[in-house]
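K.L.:
Before we start, here is the structure in question, set down as structure tokens.
Residue numbers (the working numbering): 6 to 932.
What follows is the structure, encoded as structure tokens:
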């Protein structure tokens, strides 16, 4: 039909959107808005649309339950519903008791028809009202705010009607009903019920799945069905059985301590702990748009819409496409349509804000490209890498309002400068978004942009799943997807949209305690946070006094060359060895400047934390007693030789470096031979015969020995020793990468490199370094390593006391470097980059974000740098999206060094002696 609008661009663009929409209710919604873009005089277009889309046409008043019919459980009810013209027509066939979902949907549609009819001829008000009643989405606070703003002067009845709906008709996620599964009598039904709720979206799918798996019709006397078909809210368990305080948003609660004013801190606490609280309206007006509360609002923005790399697929905001190495909060079709709608709305001459109206001239004639860039920026929300803010720069704001503001209608005292001081007070190029970047298309074409892909952006998974980059590889290359949809385990509170995986451990603020009081919870099979244990409270507002100077809480500073952070009145510092006053190299120091002036001879010892140190001198200097280390590297000994496991269990060597020292750090695991293995769980595992298995569980079932995790690689069939950054010698590169350690050089470890810039590294002169992955890159040399690498590097200061507490709360299971790296990998959304790391000699966590392609392009190198910068920013701003996760909650501060490349190129071919980029490139060889 849309070719009928070829000569009228706004109509053509809006019409083309119809083809991208799969949801019937969203299709109706867009068709209702279409007359705003396509005049009714376009008879050919409307005749075509009405004949092509019967039942959802703008001309059809239709049966309001039509979009709900697919929720009916029985086929007979679905047929009757489609043919019905009113609710009364279906009552005889569709029983209310068993077709609860159908009738709830119809009620919602009927309420929407009633409420939105009060809008009268005010189109914009009606559009925002109708968005509240979409059958396939939950009303958001911003949608409710929009209705209030655009309808308050038109219809008090409409506002009252919408308010009654939002209070009385909460929309739930399937995983909110997980507690009903426990009421099933049969165990297999309980298991199937949990799987169905985590993997299926619509109520129809869920009901059909339960009927098929549990073998019973939905009878009201059955306890499980009674739970599903009952009230909209699950029954509250007795107080003593409540696994975690309900009806709160723990993710947002993390942000409240960042408020600068006590008013916003208290209101944040209120809106995060009380379901249905109306305080959010005042909070929006007084805090969300308050320049003083930037840190608070950016934290809340992280929780709602985390910054993600990449933007493409937009049809209106096309200048935002093909930007794979830029961060955006909301690059999706809905925001694209929202920008188009905003531009049309502003064309009426007024920009309505929550606390002011800005009169403007006709923006279709006055700087239309700039206004389009503004509309798209506000909807797509570019993220600044350092501040994570999405504000446009003040100078752009002043410029556009100076030229296009309608000064005749400005209120007294209004000027472009004063307006922009409230809207965009920042003009720092490191903290704001310059509009000129989006006045033209990206410098990259679509083919070049595809060098960096983002499998989880936009999210291809169901709403109750978490999307993860597939780094495990596949046995079946033809069916291999670049992403994995993991059924979500828990939300961080019943009012939260923040999802964590099953069995994940999270640190959340206590509901009633003061700021600095936290508890650690696990995500249980019930779909709720459970087994919550309170941690010791911290006085997070207590400053530190260092060398007579007062340091503010949470601040980062240096004492000599050591990186320090102020935590609850105490200074937590790295153990870095300083070179002397003002960084000068003392005459008596030679070698690598090891702690305690230890000589740089490489006579390695393995300490009780599983970390190799270059000598006994260094180990003693770092606090290890003689009985806490042995000579040789940690990978040399057979940790199972002493037969530490019970007779019915098998000992499996497992190398780990422990960050907690309140418990033992065993280098093995005792495992029983499993009866049943999950085909979809775990990583692929390669055995010593070069055969790959679906998981370690399957490998053990087959009675094989683990060689390394991941796909078996031809290059690793024969031992070819390499030295990792952790000073461990590995039999092959595959063993190193499976341990999440990048390779320093080929051959066994025999030298220790410089620990800091400026220190001599004479010991590395005997090392032959591999070629750089990209000859034009600006490399980094990790502390203690000999060879430079094309990667971005984070050095993270962490709190050992917190690690010890996490370990004690987890049945004395040690917290390890590998645990940290596995969680950090989830925050890297680009499959062309991966995370490696180790514990440095001065006990900083060194994390490398490196390209894994054999010949990484400059764009891929840039993407890895941006991913590292994103993680660095999340750490230094204590963003809940990262620091909610245990053990990342122990992170205090981070320093970053990024890499870049200015000339294309790659590894020189070397079949006999692969370089570092080829070794890392093995990861990308997986299908």
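Quick reminder that beta carbons are idealized off the backbone N, C-alpha and C, glycines included.
(1) Could you pull out every residue in the same chain whose Cβ sits closer than 6 angstroms to the Cβ of residue 664, ignoring the five residues on either side in sequence?
(2) For the segment 707-727 and the segment 618-633, state whether three or more C-beta atom pairs, one from each stretch, are separated by less than 8 angstroms.
(3) Run through the segment 715-788 for me and flag every whole alpha helix (DSSP H) of 4 or more residues, listed as ranges in chain order.
(4) For the structure I just gave you, are there three or more beta carbon pairs, one from the segment 455-470 and one from the segment 787-802, closer than 8 angstroms?
(5) Report back the beta-carbon spacing between residue 392 and residue 303 to the nearest angstrom; my notes put them in contact at under 8 angstroms.
(6) For residue 940 and residue 600, I'd like the C-alpha separation in whole angstroms.
(7) Taking the alpha-carbon positions, what's the residue 561 to residue 747 distance?
(8) Helix, strand or coil: which one does DSSP assign to residue 10?
(9) On the CB-based measure, 16 or more other CB atoms within 10 Å of its CB, does residue 465 come out buried or exposed?
(10) On the three-state DSSP scale, how would you describe residue 464?
(11) Residue ranges of each beta strand (DSSP E) run of no fewer than 3 residues wholly in the segment 298-374, ordered along the chain?
(12) Alpha carbons only, please: which of 605, 347, 610, 324 is nearest the one belonging to residue 640?
(13) Beta-carbon separation of residue 477 and residue 688 under 7 angstroms?
(14) Taking the straight line between their C-alpha atoms, what separation do you get for residue 44 and residue 369?
(15) How many angstroms separate the CA atom of residue 605 from the CA atom of residue 756?
(16) Mind pulling the alpha helix (DSSP H) runs of 4 or more residues that sit fully within the segment 181-205?
(17) Does the segment 561-580 come close enough to the segment 841-860 to have 3 or more Cβ pairs within less than 8 angstroms?
(18) Identify the continuous alpha helix (DSSP H) that holds residue 271 and give its terminal residues.
(19) I believe residue 481 touches residue 494 by the beta-carbon criterion, under 8 angstroms. Please report the beta-carbon distance rounded to the nearest angstrom.
(20) Just to confirm before moving on: does the CB-CB distance between residue 510 and residue 888 stay below 7 angstroms?
(21) Kindly indicate which residue of 40, 333, 324 has the alpha-carbon position closest to the one of residue 312.
(22) Indicate whether residue 95 and residue 85 have their beta-carbon atoms separated by less than 7 angstroms.
(23) For residue 688, which three-state DSSP category applies?
(24) What does the alpha-carbon distance come out to for the pair residue 884 and residue 872?
(25) Quick one: grab the DSSP three-state call for residue 214.
(26) State the start and end residues of the unbroken alpha helix (DSSP H) segment that holds residue 877.
(27) Check each candidate in 557, 315, 273, 539 and name the one with the smallest Cα separation from residue 815.
(28) How is residue 575 classed by DSSP in three states: helix, strand or coil?
(29) For residue 239, which residues from the same chain have a beta carbon less than 8 angstroms from its beta carbon, with the 5 sequence-adjacent residues on both sides left out?
(30) Assign residue 842 to one of two classes, buried (16 or more other C-beta atoms within 10 Å of its C-beta) or exposed (fewer than that).
(31) Excluding five sequence neighbours on each side, which residues of the same chain lie with their C-beta closer than 8 angstroms to the C-beta of residue 1017?
(32) At the level of alpha carbons, what is the spacing between residue 521 and residue 564?
(33) Pick out whichever of 166, 602, 635 has its Cα sitting closest to the Cα of residue 616.
(34) What's the C-alpha gap between residue 479 and residue 703?
(35) Buried or exposed, going by whether 16 or more other CB atoms sit within 10 Å of the CB of residue 587?
(36) Say whether the segment 528-543 touches the segment 288-308, bearing in mind that this needs 3 or more beta-carbon pairs closer than 8 angstroms, one atom from each stretch.
P.N.:
In this structure, then:
(1) 808, 820
(2) These segments do not touch.
(3) 738-743
(4) no
(5) With 8 angstroms as the limit, residue 392 and residue 303 qualify as a contact, their Cβ atoms being about 7 angstroms apart.
(6) Lying before the first or after the last residue shown, residue 940 is absent from the chain, which here runs from 6 to 932.
(7) 28 angstroms
(8) helix
(9) exposed
(10) In the structure shown, residue 464 sits in coil (DSSP, three-state: anything other than H, G, I, E or B).
(11) 355-357, 362-364
(12) 610
(13) A contact, by the Cβ cut-off of 7 angstroms.
(14) 18 angstroms
(15) 8 angstroms
(16) 183-186, 192-204
(17) yes
(18) 267-278
(19) A Cβ-Cβ distance of about 26 angstroms is found for the pair residue 481 and residue 494, leaving them out of contact under the 8 angstroms criterion.
(20) no
(21) Of 40, 333, 324, the residue nearest in Cα terms is 333.
(22) yes
(23) coil
(24) 15 angstroms
(25) helix
(26) Per DSSP, residue 877 belongs to the alpha helix (DSSP H) from 863-881.
(27) Ranked by how close their Cα comes to the Cα of residue 815, the residues 557, 315, 273, 539 have 539 in first place.
(28) In the structure shown, residue 575 adopts extended strand secondary structure according to DSSP, grouped into three states.
(29) With a pLDDT of only 39 at residue 239, under the threshold of 50, the placement of this residue in the model should not be trusted, and no figure is reported.
(30) buried
(31) Past the boundaries of the shown model lies residue 1017; the chain is included only from 6 to 932, so the question cannot be answered.
(32) 25 angstroms
(33) 635
(34) 15 angstroms
(35) Interpretation of residue 587 is limited by its pLDDT of 41, a score under 50 that renders its predicted location unreliable; the figure taken from the coordinates is listed afterwards. Per the 10 Å Cβ criterion, exposed.
(36) Between the segment 528-543 and the segment 288-308 there are fewer than three inter-stretch CB-CB distances shorter than 8 angstroms, so the stretches are not counted as touching.
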